[in-house]
Structures are given as structure tokens and as C-alpha cells.
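All residue numbers for the sequence shown refer to the UniProt record's numbering, where the first residue is 1 and numbers rise by one. In this text, a Cβ means the ideal position worked out from N, Cα and C, and glycines have one as well. See below for the structure under consideration.
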Amino acid sequence: MLLNSFKKIIFSASGLLTLSLLWTSCRKDVVNPVDTPSEVTIKDTLYPNIPITLASDTLVAADTLDNGNLLLGNPTVAAHKIDSVTNYLINTTYYVTSYNSKKGIPNWVSWHLTKTDIGSVSRSDAFANYTSLPTGWYQVLSTSYQGSVTGFDRGHNCPSGDRTSTTAANTATFYMINMIPQAPTLNQGPWEGLESKIRDSIVTNQSKEVYIVMGNYGVGGSGTKGGTTSTIDDGNITVPNHVWKVAVILDNGNGDLNRITSSTTVLAVDMPNTNTLYTTSNKTAWRNYITTINDIETASKAAGRPIDILSRLSSTVKTALKAKKYTD
């Protein structure tokens, strides 16, 4: 799908820099961060009254435009700079993540999903370390989880099934920066069911487009070995206590920020990372954990990670959507 017009982005950094870019595709290539000495505010002609504020010296410009993976905001103001060791922004083209190098897992992963992302490419299963992390950072490897030893799955944030249009897209979902230690019954049961609900029922069958963020909070989950495990891989990978997902659901169209209103459908789920709570056969148990964005943010803050989901929306719309509970 091609954009039919130029989109001008103005990067204001102490009023010093103005840059106009032509974006030729709604699924952008990786964009290098723009380094500036102060906070960066973005404006574009599509949404002139809705600026985006990111961390100083950081910008992932393409993914803040229509259909971009960061269109609805940067929940932790993650930054692509080497001293952001616990909140490092990575744009893989197919999803954007805030990576925590001290925990060896993402804080959150954000992506956009439409029918065009769903194709016939087979699941690659090519789990791999992400080689573009800063020099000296610990590299989580494909073998770091050792499920039979640790008792946890390599749980995708952005699912393999959401990126089957090309081999490159699917392969990117197997980077270890997209994984968390997830209880196997959760990963293979209701979490898989939730992924299928969004991808198959909502996007494919109902012809919707969806903006999705998945994250986690807390320390200590329970896998197949029982008890509570705080870390694996000799302490290099933290096992989260809870995993959550937020999906903002729209009819297919353009100008998505302007189309999101207080009536827009939001699906929010928050589930304990505990193996004994689920079965792999019960794919719909996620419905027992439907919640609000407000509740997710409150719990995450209490666990030491403040987040602001939907930060680009107007205060009126954001307040309304954060209080909504999903029904269908």
C-alpha cells in the first residue's frame, strides 16, 4: 500500500533542525535514530495538532506515522542511546521494543496488524540473538532458555503468526529481544488463543486493523518445575510475574489517530505468569483476565515500572479508553 502524498516531519530540537522526508510505504524500513541535544518533538502534516514527544536524542520517525508500530505512543519514553540500558528503543521494522539489558527481556513490544501482514510464509523457528545490541551488552542466545531445564517457553511478544507476509518479517519475530520466559501452559494455551482471536477473528474475519502493545511487570514466575523462579540463564534473564496485552481495534482506513474516539474498541488483558493456572487446551481462558488499561498501568507502577499506554491520544479520548473493559 503506497502513500499518496508527501508527509512532512518537523524535528524541533531547540528550534535548530527542520527536515522533510518522503515515505513511500506504510510498512517502513528501519530508520536510524536522530540525535539531538534536547527533547525531540515531532509534527507531521497528517496530524499537525498531535505532537509526539520522545526521549532526548531519539526518534524512530517512520513508525510514528499512520500504520506505524509506534503510532499510539512510546509507553516508557524509551531511548535509542547506549546509556538507556534498561529502556533501550529498538526498531526492527516489523515491531518496536523497549529492551531491558539488565533483565534480558523487553519491557514492552509494540506493533500494528492488518491483513497485509498475514500471508503464507511458514513459521521459521529460527530463534536467534539480536546482534545489533551495543557492544558489551549481554547477548541472550537461542539456547539461553533451555526449556527442559528452566521450565519456561521462549514466549513471543509480537507473535510469529502476526508476521507471515515475508520471510524477513517472520524471522524478525524470533529475535531473542522479542522473547520473555513464559509459563508453557500460558504461552501455548490462553495466550495463543488471545493471539488467534486478534489475528483471525478480528483482523482477518472482521477486516479490522489493530494497534497492539504487549508488556510485562514484576519478578518471579512459575514454570513446569514448580515454585517461583526469579531468573534463568545464571541470572541474566528475569522471569516476569505478569504479562499483559493491549489492543486498539479499528475499521480499516487512513488517518488512524483522528479516527480513534472514546467509542473505539479496546481489548486489555493482564495474566499471571503461572503455569498451574492454565491448560494448553483452554484457549479462551484469557477472557477471565480481561481488565482495563488503567489497572495494568497501576499494577506496573506498583511493581516499579511506570508506563503510559496510548500516550499520543488526546487526554479526553485516552481517559475514556483506559477505563474501558472489552466485551464482544
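- For H242, DSSP records a beta bridge to Y217 and P272.
- For R305, the three-state secondary structure derived from DSSP is coil.
- T316 and G136 have their alpha carbons spaced roughly 44 Å apart.
- Under DSSP, D153 shares a beta bridge with Q182.
- Residue nearest to T228 within the set G220, D234 and S124 is G220 (criterion: CA-CA distance).
- Taking 8 Å as the cut-off, the Cβ atoms of N157 and R163 do not count as close.
- Between the alpha carbons of N69 and S120 lies a gap of roughly 22 Å.
- Comparing C-alpha distances from Q182 to each of Y94, D234, T276 and T97 shows the shortest one belongs to T276.
- Assigned with DSSP and collapsed to three states, A168 falls in helix.
- Check the Cα spacing between E195 and each of R305, W286 and T327: the tightest is with W286.
- If you ignore the 5 residues before and after Y95, its C-beta comes within less than 6 Å of the C-beta of N69, V109, W111 and C158, all in its own chain and listed in chain order.
- Sequence-distant partners of Y217 (beyond 5 residues in either direction) whose C-beta falls short of 6 Å from its own C-beta, in its chain, are H242, S300, A303 and R305.
- Shown here, W108 sits in a strand according to DSSP, grouped into three states.
- For N258, the uninterrupted alpha helix (DSSP H) run begins and ends at D256 to R259, by DSSP.
- Following the DSSP letters along the chain, one finds V96 inside the beta strand (DSSP E) bounded by residues V96 to N100.
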